[in-house]
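**Q** 30 is the number that numbering that gives the first Met the number 0 gives to position 31 of the sequence shown; each next residue is one higher, with no gaps. Yeah, the Cβ is synthetic: ideal placement off N, Cα and C, and Gly gets one too. Please read all numbers here as calculations on a predicted model, not as lab measurements.
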Amino acid sequence: MLEENTLSIIKPDATRRNLTGKINSRFEENGLRIVAQKRLHLTKEQAEKFYEVHKERPFYGELVDFMVSGPVVVQVLSGQNAVAANRNIMGDTNPANAEEGTIRRDFAESIEANSVHGSDSVENAKKEINFFFSDTEIVG
Ligand code: IDP
Ligand code: MG
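1. Heavy atom of the ligand MG less than 7 Å from the Cβ of D119, yes or no?
2. In three-state terms, what does DSSP make of S133?
3. For N96, is the beta carbon positioned less than 7 Å from some heavy atom of the ligand IDP?
4. Roughly how many angstroms separate the alpha carbons of D105 and L31, rounded to a whole number?
5. How big is the Cα-Cα spacing for E98 and R15?
6. Quick check on DSSP: helix, strand or coil for A35?
7. Identify which residue in V73, Y59, F132 has its Cα closest to the Cα of I110.
8. The ligand IDP and I128: does the residue's C-beta get closer than 7 Å to at least one heavy atom of that ligand?
9. Where does the unbroken beta strand (DSSP E) through V75 begin, and where does it stop?
10. Who does I8 pair with in a DSSP beta bridge?
11. Do L41 and V67 have their C-beta atoms within less than 8 Å of each other?
12. Output yes or no for whether 8 Å exceeds the beta carbon distance between P94 and N113.
13. Keeping to the same chain, check which residues put their C-beta closer than 7 Å to that of P11; ignore five residues upstream and five downstream.
14. For E3, write down the residues that DSSP places opposite it in a beta bridge.
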């Protein structure tokens, strides 16, 4: 049994449409537990730093603008194989390719405004969680 933590972000397209509760129900119904959570309006500097790995990609500037276009909910999800489990619940980056019943298939507006972020490895999850949360803010 691999108990893990992963970082989840509910993106501005979803908070704007008041989908926070609906999205979080998907995580809870699928066995993940929200063990830390805060609603933030990211600064441009924070969004640029968070998505630094993508800075050479053509969509980087637009992605940063999108991520600061409204509030986000940053949260830590905990559970067995939480990193992979969260990615499965989210679905493919492009909602057109996402499987039925996934968050992105059901809620995303576009490949960019795709409602949720999820860490893609255990190593990146640790870094991304530390980016937003101190240890005392994570309560399992
Ligand atoms: P992921 O969120 O599924 O891990 P990444 O490839 O890490 O996908 O891309 C990070 C984010 O950048 C995506 O969630 C999406 O918001 C945005 N993005 C990815 N590919 C494109 C694209 O081709 N055009 C516009 N935005 C994109
Ligand atoms: Mg990614």
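**A** In short, the structure shows the following:
1. Taking the first residue of the sequence shown as 1, we reach residue 119 at position 120. Yes; taking the cut-off as 7 Å, the Cβ of D119 has a heavy atom of the ligand MG nearer than that.
2. Position 134 of the sequence shown, counted from the first residue, corresponds to residue 133. S133 falls in the coil class under three-state DSSP.
3. Residue mapping note: residue 96 aligns to position 97 of the sequence shown, counting from 1. No, the ligand IDP has no heavy atom inside 7 Å of this Cβ.
4. Walking along the sequence shown from the start, residue 105 turns up at place 106. Walking along the sequence shown from the start, residue 31 turns up at place 32. When rounded, the distance between both Cα atoms is 19 Å.
5. As a working note, residue 98 is residue 99 in the sequence shown. As a working note, residue 15 is residue 16 in the sequence shown. Each residue's Cα considered, the two are about 24 Å apart.
6. Mapped onto the sequence shown, residue 35 falls at position 36. Of the three classes helix, strand and coil, the one that applies to A35 here is strand, per DSSP.
7. Indexing the sequence shown from 1 puts residue 110 at position 111. For I110, the closest alpha carbon among the candidates V73, Y59, F132 is that of Y59.
8. Here residue 128 refers to the residue found at position 129 when the sequence shown is read from its first residue. Not under cutoff, so the answer is no.
9. Within the sequence shown, the letter at position 76 stands for residue 75. Run containing V75: 71 to 79, per the beta strand (DSSP E) assignment.
10. Here the question's residue 8 lines up with position 9 in the sequence shown. Partner(s): V73, H116.
11. Here the question's residue 41 lines up with position 42 in the sequence shown. Here the question's residue 67 lines up with position 68 in the sequence shown. Cβ distance < 8 Å, so L41 and V67 count as in contact.
12. Here residue 94 refers to the residue found at position 95 of the sequence shown. Here residue 113 refers to the residue found at position 114 of the sequence shown. Yes, the Cβ-Cβ distance between P94 and N113 is below 8 Å.
13. In the sequence shown, counting from the first residue as 1, residue 11 sits at position 12. Taken in chain order, the residues that qualify are F65, M66, S68, G69, P70, V71.
14. Residue mapping note: residue 3 aligns to position 4 of the sequence shown, counting from 1. Beta-bridge partners of E3 (DSSP): G78.
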